[in-house]
Each structure stands twice: as C-alpha cells, then as structure tokens.
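Q: After the structure tokens below, expect a handful of questions from me.
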Amino acid sequence: MNKQAMREAFGAELVEIARTNDRLVVLTADLADAIKVQGFAEAYPKRFFQMGISEADMMGTAAGMALDGKIPVATTFAIFATSLGHQPIRLSVGYNNANVKICSSHGGVTVGADGATHQAFEDIALMRMIPGMTVVVPADAHEARAATRAIIEHTGPVYLRLGRIPTPIVTAADAPFDLGAAVELRDGTDVAVFATGMMVPMALDAADVLEKEHGISATVVNVHTIKPLDTDTIIRAATRCGCAVTAEEHSVLGGLGGVIAETLSSAYPVPLERVGVQDTYGESGEPDEILEAYGLTSHAIVASALKVVDRKRNGAV
Numbered sequence: 000m001n002k003q004a005m006r007e008a009f010g011a012e013l014v015e016i017a018r019t020n021d022r023l024v025v026l027t028a029d030l031a032d033a034i035k036v037q038g039f040a041e042a043y044p045k046r047f048f049q050m051g052i053s054e055a056d057m058m059g060t061a062a063g064m065a066l067d068g069k070i071p072v073a074t075t076f077a078i079f080a081t082s083l084g085h086q087p088i089r090l091s092v093g094y095n096n097a098n099v100k101i102c103s104s105h106g107g108v109t110v111g112a113d114g115a116t117h118q119a120f121e122d123i124a125l126m127r128m129i130p131g132m133t134v135v136v137p138a139d140a141h142e143a144r145a146a147t148r149a150i151i152e153h154t155g156p157v158y159l160r161l162g163r164i165p166t167p168i169v170t171a172a173d174a175p176f177d178l179g180a181a182v183e184l185r186d187g188t189d190v191a192v193f194a195t196g197m198m199v200p201m202a203l204d205a206a207d208v209l210e211k212e213h214g215i216s217a218t219v220v221n222v223h224t225i226k227p228l229d230t231d232t233i234i235r236a237a238t239r240c241g242c243a244v245t246a247e248e249h250s251v252l253g254g255l256g257g258v259i260a261e262t263l264s265s266a267y268p269v270p271l272e273r274v275g276v277q278d279t280y281g282e283s284g285e286p287d288e289i290l291e292a293y294g295l296t297s298h299a300i301v302a303s304a305l306k307v308v309d310r311k312r313n314g315a316v
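Each residue of the sequence shown is one higher than the one before, counting from 0 in numbering that gives the first Met the number 0.
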C-alpha cells in the first residue's frame, strides 16, 4: 500500500492554491521545514512570515491579518498550537470569528523520539470547544490535499490536524471532499466503526479481519470533520448496525470518541467502545512501538468490535 506524509501533501497544495489566490499568506513558528511550508516560503517570500518560537504572537498576528482581509495559514506542531497558542486562538481568532486556518503537524503519538512533550493527545478536544471553530482531521495525503483546499475556500476559523509519519493512502486522489460530511468507506450491518486520521486505514484493515475471521460485517466511516459533525451519517450507521467503535490517535476524552458518545447517547444509544489514548501522557519510541503500546492498532479495533457485538447480542448497552 502506498504511503505519504499528510504534511507533505499539505505543503505542496498551499503552493498550488497560492498561484490563483493572492490573499493567502503563511506564518510559521520556526518550523517551516518540519511542517513542509518551506516550498511556499521559497515560491512566495513576500507572503511568508517566520514568527520565531512565539506561537501566541503568531496566532494574534494571524487574527489581525484575517481581519484585514488576508487568509492566513498559521502553522506549527499540534501541541504548540493548542497549548502555547490557545489563549489568542480563543479570543483573537475564535471570539472575532477571524478567518484563520490553524494548520498543525505532529498530532497524536507518532512523533518518534520527541516524546511526551511533543505529543498532542488533547488538541482536538481543545479546538472543538472553541465556538465557531471547524475541526478537520484527514485520513491520508490525498485527503490532506483536498482538505487544505476546502479550508482555504471556507470562511471562518479552522483547525487542521496532520500527522508526522507517512501513512497508507486509502482515498482516491479525485474523491470529493465536503467539510462536515463523513464518508462511508465500507458498508456493513453488524458493527459501525467510526475512525479519523491515520486510524482510518487501520479501521479498514480491522473490517477485513472481522469479515474473514469472525464473519462480522463492519461499516467503516471516515469522520474527517470532527466539528461540525455529520450527525445524520453517524446516527444512520449506528442505527443500521446496532453497535459502534470509535478509533482515533487522540485521547478517548473529548475527541472523536467523545463527540460520538455525546451524539449517540442523546439520539440512539448503542453499545460503544472507544479506541484511543487513555487518560495518560505519552513516551518516546519508534512510531510503531508507541502505537502498539497505546493500543492504537487494527487488532485493538477488532477486539473492541467483538466486545460491542457481544454486548448487542446480549441486549446490553
């Protein structure tokens, strides 16, 4: 299966968009190479702003640029955007409904040896709590390109979360991308698996195992937009299957698992298991080792699916 890093696709797409959109400007907090916007800096040096290691200043500056009619893309690591930059995001960006695109790399556990200080497990939860903020987590590099173009065309603040490492390509390069619309990648009747980001390929792998080894038919839904959530698709899949699993490279508190639990508890309660990081900090290690250590694998999705199917069959919620 082909792999590519989402951050590379993001950087390349910004250069393409800038050819026909002169309102687009890019800011970074000393991370141009890491978040792959160096190409934009070289192509459009007068529209690129190196803010240094000053994330709060960058977010406030981006808000001012947006209020002046620009479309600023503020780039840094997920942990720095949502911790060091949170106060100006909340007030300067969110409160003013400023048209700022906050684009982060290195979301989740797969940052390698950078370890706990650089791993963002809570960023989706923090950003979805900002009123008016759109939160997008692409499944692969193709979707990262499409999402980048979609958020630039969208008016309003957006948080785009990208990963560090190359991940499998599971969407088509020409697949339509609509903000706020979840995508059903596989149709099933026994369990609904809602996944986001790099966990989408793992959810598809898990569906194959469930079918071949357990005779269980799984619906797989790519929830690339966490906010606004496509509640119609979520409820429809849960209703059809009668039980559900969520999978994310994020804490099980407040992210995809949280918003799915909120939605189904009030609309259509079903047995639900959440695959994600538990209430803990991370640690250093190779990405594959960390994913295994924290239970972010297709095997974990399979095990959770078997649990909820069993609960459904026994009449338990």
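Glycine included, C-beta positions come from ideal geometry on N, C-alpha and C.
What first and last residue would you give for the beta strand (DSSP E) that runs through GLN49?
A: 47 to 49 is the extent of the beta strand (DSSP E) around GLN49.
Q: What's the gap between the Cα of GLU291 and the Cα of GLY284?
A: Using only the alpha carbons, I get a separation of about 11 Å.
Q: Quick one: give me the first and last residue of the alpha helix (DSSP H) that VAL14 is part of.
A: Residues 5 to 17.
Q: Helix, strand or coil for CYS240? Go by DSSP, reduced to three states.
A: Three-state DSSP puts CYS240 in a helix.
Q: Going by C-alpha to C-alpha distance, which of GLY275, MET5, LEU161 and ALA73 sits closest to GLN303?
A: Sequence inspection shows Ser at residue 303; the Gln mentioned does not correspond to that position. The shortest Cα separation from SER303 among GLY275, MET5, LEU161 and ALA73 belongs to GLY275.
Q: State whether the region 109 to 129 contacts the region 150 to 165, with contact taken as three or more CB pairs (one from each stretch) at a distance under 8 Å.
A: Verdict: yes, contact present.
Q: Here's the rule I'm using: 16 or more other beta-carbon atoms within 10 Å means buried, otherwise exposed. How should VAL316 be labelled?
A: Counting Cβ neighbours within 10 Å, VAL316 comes out exposed, since fewer than 16 surround it.
Q: According to DSSP, simplified to helix, strand and coil, what is LYS226?
A: In the structure shown, LYS226 sits in a strand (DSSP, three-state: E or B).
Q: Under a three-way DSSP split, which group does GLY106 fall into?
A: Correct three-state label for GLY106: strand.
Q: Assess, as a yes-or-no matter, whether the region 99 to 108 is touched by the region 58 to 75 under the definition of 3 or more beta carbon pairs within less than 8 Å.
A: Flag = yes, the region 58 to 75 and the region 99 to 108 touch.
Q: Is the CB-CB distance between GLY241 and GLU247 below 8 Å?
A: Result no, Cβ atoms of GLY241 and GLU247 do not sit closer than 8 Å.
Q: Decide if ALA41 is buried, meaning its Cβ has at least 16 other Cβ atoms within 10 Å, or exposed.
A: Looking at the sequence shown, residue 41 is not Ala but Glu. Result: exposed.
Q: Going by the CB atoms, is the gap between MET50 and LEU26 shorter than 8 Å?
A: Contact: yes.
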